[in-house]
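Numbering-wise (our numbering), the sequence shown opens with residue 272 and increments by one. Okay, so here's the structure we're looking at.
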Amino acid sequence: MQRNDPRFLPQIRQSLYTAVLSDVLDELGFPDQAMPPSIRPLDDDLTLAGFARTGLYREVFRSVPDENPYELEIALVDDLKPDEIAVFGCCGSHRIAPWGELLSTASRARGAAGCVTDGMVRDIRAIRAMRFPVFHGGIAPLDSKGRGKVAEIDTPIRCGGVAVATGDLVVGDADGVVVVPRAVEEDALRRAFAKVTGENTTR
């Protein structure tokens, strides 16, 4: 199935899951595409499937007067298209909480599919109430101002130690998050659908 098929993402969301995608990526020689167990969903009942839009955070240790530390972060969110996922790599920092209720609301309004970050998230009750899929490296009340800022957007990053490029297929569920590189996407999905069909037959 090709990306331009309107059934592409709905079938992935309905039929596939991260464990089977991780298995087939292992078979294809990509054993490091599953994010670590520290990256968890805010809501275990929600699944995530869409295309990455990447942002690379770096730590900072002071606020600069008259500087807008949110400029690139907001630029990425404002440019999100339907079925895209904001993927923010924070190098696992516990000082940076790049995601909260306002960005979730703005992303949902643009039709985005969710957010994945190895940084912190906040406003979690509000995000859970809106049932917007967010996968995170921890929960904290911290503002990123004075602690971190986006250095680049739409650049290759690592999130949870996994290489992610803008446009990569990202799938998340209660077991975690898997990134499917574009180079092996077609083969990986073909194998995954076949594996699920075989498993269903066995059941």
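Glycine included, C-beta positions come from ideal geometry on N, C-alpha and C. Nothing here was measured: the structure is a model prediction, and the numbers come from that model.
Residue interval of the beta strand (DSSP E) (run including residue i)
i    : result
I356 : E355 to G360
T437 : Here T437 belongs to no beta strand (DSSP E), and DSSP marks it neither H nor E.
F264 : Residue 264 is absent from the model: the chain starts at 272 and stops at 474.
A422 : G419 to I424
R429 : I428 to C430
G385 : G385 to T388
G382 : Premise fails: G382 is in no beta strand (DSSP E) and is neither H nor E.
G447 : G447 to V451
Cβ separation of residue i and residue j, assumed to be a contact under 8 Å, to the nearest whole Å
i    : j    : result
A305 : V449 : 5 Å
Q282 : M272 : 7 Å
A384 : I356 : 5 Å
R393 : L413 : 7 Å
G408 : G390 : 6 Å
I398 : S375 : 5 Å
E423 : R366 : With 8 Å as the limit, E423 and R366 do not qualify as a contact, their Cβ atoms being about 19 Å apart.
Beta-carbon spacing of residue i, residue j below 8 Å
i    : j    : result
Y328 : F279 : no
L292 : A463 : yes
A320 : A436 : no
P404 : G447 : no
G382 : D354 : yes
G438 : R461 : no
P369 : S334 : no
G493 : P308 : For residue 493 there is no data in the structure shown, the boundaries of the chain being 272 and 474.
V455 : L347 : no
A459 : V295 : yes
Residue range of the unbroken alpha helix (DSSP H) whose run includes residue i
i    : result
V348 : E342 to D349
A397 : I395 to M401
L319 : From DSSP, L319 is part of no alpha helix (DSSP H) but of the beta strand (DSSP E) over L319 to E330.
V291 : T289 to E298
P302 : From DSSP, P302 is part of no alpha helix (DSSP H); its letter is neither H nor E.
Q285 : F279 to S286
Outcome for residue i when other beta-carbon atoms lying within 10 angstroms are tallied against a minimum of 16
i    : result
M401 : exposed
L373 : exposed
F332 : exposed
T289 : buried
G469 : exposed
T472 : exposed
8 Å Cβ cutoff, residue i in contact with chain B
i    : result
V335 : Judged by its chain identifiers, the structure shown contains no chain B, having just a single protein chain.
Exercise. Using 8 Å as the threshold, is the stretch 406-419 in touch with the stretch 326-344, meaning 3 or more CB pairs across them?
Worked result: yes
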